[in-house]
Amino acid sequence: MSKLILIDGNSIAFRAFFALPLLSNSSGLHTNAVFGFTTMLLRLMDEQKPTHFLVAFDAGKVTFRHSEYKEYKGGRAKTPPELSEQFPLIRELLKAFSIPQYELAGYEADDIIGTLTRMADDQGMEVIVVSGDKDMLQLASDNVKIAITRKGISEVDLYDKNEIKEKYGLSPLQIIDLKGLMGDKSDNIPGVPGVGEKTAIKLLQEYGSVEEVLAHVGEITGKMGEKIAEHADNARMSKSLATIFREVPLEQTLEQLQYDGYDGQAVATLFRKLEFRSLIDKMDLSGGVSDELDAEQESLTWATAALKPDPAIDFEISLTDLVAALPKVQAIHVESIGDNPNAAELIGLSFYSEAQTFYLPVSLLLSNEATEIRKWLADDKIPKKLYDLHRSEIVMGWKGIEIKGVKSCILLAAYLLDPTETSHTLHSICSKYGVSGIRADEDIYGKGAKFILPQQAALSEHLCRKANVIYQLADILEKELEKNEMSQLYHDLELPLSTVLASMELKGIKVNKDELKKLGEQLAIKLDELIIQIHQHAGGEFNINSPKQMGEILFDRLKLPVYKKTKTGYSTNVEVLEWLESKHDIVKHILLYRQLAKLQSTYVEGLLKEIKPATGKIHTYFKQTIAATGRLSSQFPNLQNIPVRLEEGRKIRKVFVPHQTGWSILAADYSQIELRVLAHISQDENMMEAFHTNLDIHTKTAMDVFGVEASAVDSNMRRQAKAVNFGIVYGISDYGLSQNLDITRADAAKFIEQYFAVFQGVRRYMDDIVKQARQDGFVTTMLKRRRYLTDIAHSNFNLRSFAERTAMNTPIQGTAADIIKLAMVQMDERLRQEKLASRMLLQVHDELVFEVPLEEMEIMQRIVPEVMEHALELSVPMKVDVNSGASWYEAK
DNA sequence: GGTCTCACG
DNA sequence: ACGTACGTGAGACCC
């Protein structure tokens, strides 16, 4: 039997657009509505298996309904440009799927669908109408079902005649009368004021139709009757507007809507352009690319890579043959399992050459017979390409094996090309750049509890394929980097940095475990006392760690005033608690409890878990390919957020000590690196002058903003000026500043205005960078690091404002990151040159931490600031403060 | 897995 | 009219 699917194209596009976050591909094209539309199509095809198909669109702005009622659809918000630009893509999508599409001037999609529904119904065809608009329910019949999207587009409610009866107690045609009485805000159809769905249904169940209701209006008592009588004309017109016109003069015949499926190649090509990776995988289109490339595919910059034939894979190769094959190897892959590289299990290596590709399990790699292979890996003069140099060096480093001569790291390159990309797995990079030939790790290994290593043959094939695509991707990505002028950043900074980081992480930092345990015991005593006191004040026991229970105690039981709410209930954060502190004695105990509980769980217990028993050290992992600004982040554990602001927490730093007795910890931090960077980038005369004369920048800001002498700046003025400076770096807004300083928005705005009056170069920079971001779609740092800002021209104020602040902040934060990274690479080099035993241990965004033997203390005190201050020359001097002591705590 | 809270620069 | 400061990671709770 034939089955016809009719889609209301505009309605589904709108639904998809508002249901999904604003996705966009790497060229800044928004794709969320297209994506939603696509998933809808795929599901319909899969579940319904239609024999006939059509997507109808509204044509133009004016329809016959406007001549009837010119306010029809008036007051509707304009279609956001982010959606408008997607309509051509949706048309393209339908073309790729070979699905007929149709529109007709003067008519809406509803009318086209209504007409076709009538025609199909007459022929006894089964029909499914898909829309987000409940008006469509009027089309239901024995053969016609209506699918209405629910909760965005992920689910639909399928209505047939009976279900409409069940849900509304009305026949399909009475849906029109329902609209006539209750109106429709979104189409600006008035209906009868005061009549909602409930009342309308009651009336229709009693009288049957709008006309009958009006005829019996005398019987309807009270206000309701008057209202209906008064708005009788409205009701009639509304009904007429809501009626779908089913006699559209169509050129399309039902036969023309026959659907015979689609060409996978055309769809795959479009999906690649749109970067619908998950869909490409789902449809298994990625593996199917064969030798013949169609013209369209050729237009993709990197599609040719897909031409590469499958590698010849040898997993039964002898070690002797393998060594003989090494000179031709161009790419390798180091496979390891586990999130934490310092605890990951090394599985094996694969090697790619044009002639053959082979796999070497870890057991063989570590055998005596593999010396030649390890030598090859450690040979700096043999160029290699791989994916994730940083992780590979750590994993191999734990086995005592070095990798040198790496000229390409796919992960690093992909990150630099777009640091905001959510995933940089080898598989996702392949999809993005049109390289086929590997499956996702998850496909091979499963995930979570289901994780399992496959048989040797399957494992070997998967890893060999990885080495193969690494080889293919290297060229593609490096050409892109070259285009973006990022080659130097990649080769001279980020790649060497990977090695520097790996060596820091492998060394680790010594932790005084006994001291840490002692701290934990002291905390436990205080926490126990606090728990008792808090429960007493509360008049009963509850879990203080549960924000939900805490909220109930404070606001329901103790009836404290509610200051702020979260999405799910009462907010109980520090800001709220500090506001409540004077109102109840329990609050100060809670505040102290929170502070100490954080120390106990995150820092005492958390750090204890990370100490390697054999060495007493902690080995963090600095992620090099996560932060959108170019900063590093630290994991397993995070050593970039060890407490410092409050003394109780700061004591945690006492447990970070040198790994040998007689050594010291040396910490060096940049003073005001971000504001110095801002002074340089903006070339603001006043600010540059301040740094040249080595003034305290916050005091200087206070002097200028308040118009007073240095001697007249009190601590409060300096504090406010400091907050303004922070705000400037973050991309200032009066609202943000007002929150931070707890002042009115108007006062905050005045501050900012005064600030810009004296720092005019800064104002110019802020204006220019936003303009430039709008023009280019991205911003850059001094070293050409790039961040795309897809929302910079968004119609939504919040999204656009956020993008604008990001445009202001990223060049500053990112350049600061560039500078300290440069300093790290140079410092590593310098330590080697000077043959020093001192070791670099940690980086905390503007601070480097070293351990230093006594005899090197003097030279390190000199060298470290020298290297850091001159890592990159700016038009203002850099300033670095150096401190040393027995632990990180003392090095302040 | 999402939410809240809080630690750092 | 809109209603956030920029960038991270981790622990606890709760569904």
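Residue numbers for the first sequence follow the working numbering, beginning at 1352 and rising by one.
For every residue, glycine included, the Cβ atom is placed at its ideal position computed from N, Cα and C.
This structure is a prediction, so every number in the text was calculated from the model and none was measured.
Check your understanding: Does the separation of the CB atoms of Tyr2139 and Thr1976 fall below 7 Å?
Key -> Not a contact, by the Cβ cut-off of 7 Å.
Check your understanding: Quick one: what does DSSP say Trp1535 is sitting in, helix, strand or coil?
Key -> Note on identity: in this sequence residue 1535 is Asp, with Trp being the wrong assignment. Strand, per DSSP.
Check your understanding: Between Ile1464 and Leu1393, is the Cβ-Cβ spacing less than 7 Å?
Key -> Cβ atoms of Ile1464 and Leu1393: not closer than 7 Å.
**Study point:** First and last residue of the uninterrupted alpha helix (DSSP H) at Thr1976
**Key:** Counting along the chain, Thr1976 falls outside any alpha helix (DSSP H), and DSSP gives it neither H nor E.
Practice item. Report the rounded CA-to-CA distance for Leu1942 versus Lys1910, giving the unit in angstroms. Key: Taking the straight line from one Cα to the other gives about 18 Å.
**Study point:** Three-way DSSP call (helix, strand, coil) for Gly1699 in this model
**Key:** Three-state result, Gly1699: strand.
Review point. For the region 2078-2095 against the region 1995-2008, are there 3 or more C-beta pairs whose distance is under 8 Å?
Key: With a cut-off of 8 Å, the region 1995-2008 and the region 2078-2095 do not count as touching, because too few Cβ pairs lie within range.
**Study point:** Lys2243 (DSSP reduced to helix, strand or coil)
**Key:** Annotated three-state conformation of Lys2243 is coil, per DSSP.
**Study point:** alpha helix (DSSP H) segment containing Lys1758, residue limits
**Key:** It is not in any alpha helix (DSSP H) - Lys1758 instead sits in the beta strand (DSSP E) that spans Val1757 to Cys1760.
Practice item. Could you check what DSSP says for Ser1838 in three-state terms: helix, strand or coil? Key: Note: Ser1838 maps to helix in three-state DSSP.
Check your understanding: What residue range is occupied by the uninterrupted beta strand (DSSP E) comprising Asn2234?
Key -> Judged by DSSP secondary structure, Asn2234 falls within the beta strand (DSSP E) whose first and last residues are Val2231 to Gly2236.
**Study point:** Residues bridged to Tyr1710 [DSSP beta-bridge criterion]
**Key:** Note: Tyr1710 sits in a beta bridge opposite Ser1701.
Review point. Exposed or buried, what is Asp1739 when buried is set at 16 or more other beta-carbons lying within 10 Å of its beta-carbon?
Key: Its Cβ being crowded by 16 or more others within 10 Å, Asp1739 is buried.
Practice item. Any chance you could list the alpha helix (DSSP H) runs of at least 4 consecutive residues sitting entirely within the region 1781-1831, in chain order? Key: As far as the region 1781-1831 is concerned, its whole alpha helix (DSSP H) runs of at least 4 residues are 1792-1796.
Check your understanding: Leaving out the 5 sequence neighbours to the left and right, which residues in its chain are closer than 8 Å to Val2231 when beta-carbon positions are compared?
Key -> Cβ within range, chain order: Ala2019, Asp2020, Tyr2021, Ser2022, Val2215, Pro2216, Met2219 and Glu2220.
**Study point:** For Ile2143, three-class secondary structure by DSSP
**Key:** Ile2143 falls in the coil class under three-state DSSP.
Check your understanding: Does DSSP put Asp1359 in a helix, in a strand, or in coil?
Key -> Strand.
Point to revise | Residue burial classification, Gln1525 (beta-carbon count within 10 angstroms, cutoff 16) | key: That one is buried.
Point to revise | Burial state of Glu1872 (16 or more Cβ within 10 Å) | key: Glu1872 is exposed by the Cβ-count criterion.
Exercise for review: For Val1599, count neighbouring Cβ atoms within 10 angstroms of its own Cβ and tell me buried if that reaches 16, exposed if not.
Suggested key: Val1599 comes out buried.
Exercise for review: Could you say if the region 1361-1378 and the region 1466-1476 meet the contact criterion of at least three C-beta pairs nearer than 8 Å?
Suggested key: No: the two stretches stay apart, fewer than three of their Cβ pairs being nearer than 8 Å.
Practice item. Could you check the C-alpha separation between Ser1353 and Gln1452 for me, to the nearest Å? Key: Each residue's Cα considered, the two are about 19 Å apart.
Check your understanding: Cα separation between Glu1460 and Ile1515?
Key -> The amino acid at residue 1460 is misidentified as Glu; the sequence shows Ala. Each residue's CA atom was taken as its position, placing Ala1460 and Ile1515 some 22 Å apart.
**Study point:** Cα-Cα separation between Leu1644 and Gln1616, rounded to whole angstroms
**Key:** At Leu1644 the pLDDT is 31, less than 50, meaning the model places this residue with poor confidence and gives no usable figure here.
Exercise for review: Say yes only if the C-beta of Val1925 is nearer than 6 Å to one or more non-hydrogen atoms of the ligand GTP, and no if none qualify.
Suggested key: By its list of ligands, the structure shown contains no ligand whatsoever, and the ligand GTP lies outside what it can speak to.
**Study point:** Bridge partners - Arg1442, DSSP secondary structure assignment
**Key:** Assignment of beta-bridge partners to Arg1442 by DSSP yields no partner.
Practice item. Quick one: give me the first and last residue of the alpha helix (DSSP H) that Leu1848 is part of. Key: Residues Leu1846 to Lys1858.
Point to revise | Per-residue burial, Ile2103 [other beta carbons within 10 Å of its own, 16 or more giving buried] | key: With 16 or more other Cβ atoms inside 10 Å of its own Cβ, Ile2103 counts as buried.
Exercise for review: Determine the DSSP secondary structure at Trp2014, reduced to helix, strand or coil.
Suggested key: Trp2014 sits in a strand when the DSSP states are folded into three classes.
Practice item. Quick one: grab the DSSP three-state call for Ile1479. Key: Taken through DSSP and simplified to helix, strand or coil, Ile1479 comes out as strand.
Review point. Using DSSP with H/G/I as helix, E/B as strand and the rest coil, what is Ser1984?
Key: Per DSSP, reduced to three states, the secondary structure at Ser1984 is strand.
Review point. For the candidate residues Phe2201, Gln1806 and Glu1772, whose alpha-carbon lies nearest to that of Leu1374?
Key: Comparing Cα-Cα distances from Leu1374 to each of Phe2201, Gln1806 and Glu1772, the minimum goes to Glu1772.
Check your understanding: What are the start and end residues of each continuous beta strand (DSSP E) run of 3 or more residues lying completely inside the region 1487-1517, in chain order?
Key -> If we require 3 residues or more, the beta strand (DSSP E) runs fully inside the region 1487-1517 come out as 1495-1501 and 1506-1510.
Check your understanding: Hey, Gln1681 and Tyr1822 are a contact pair by Cβ (cut 8 Å); roughly how many whole angstroms apart?
Key -> Yes, Gln1681 and Tyr1822 are in contact; Cβ-Cβ is about 5 Å, under 8 Å.
Review point. Out of curiosity, what's the CA-to-CA distance linking Tyr1972 and Ala2108?
Key: Those two C-alpha atoms are separated by around 44 Å.
Point to revise | Three-state class that DSSP yields for Glu2198 in the structure shown | key: In the structure shown, Glu2198 sits in a strand (DSSP, three-state: E or B).
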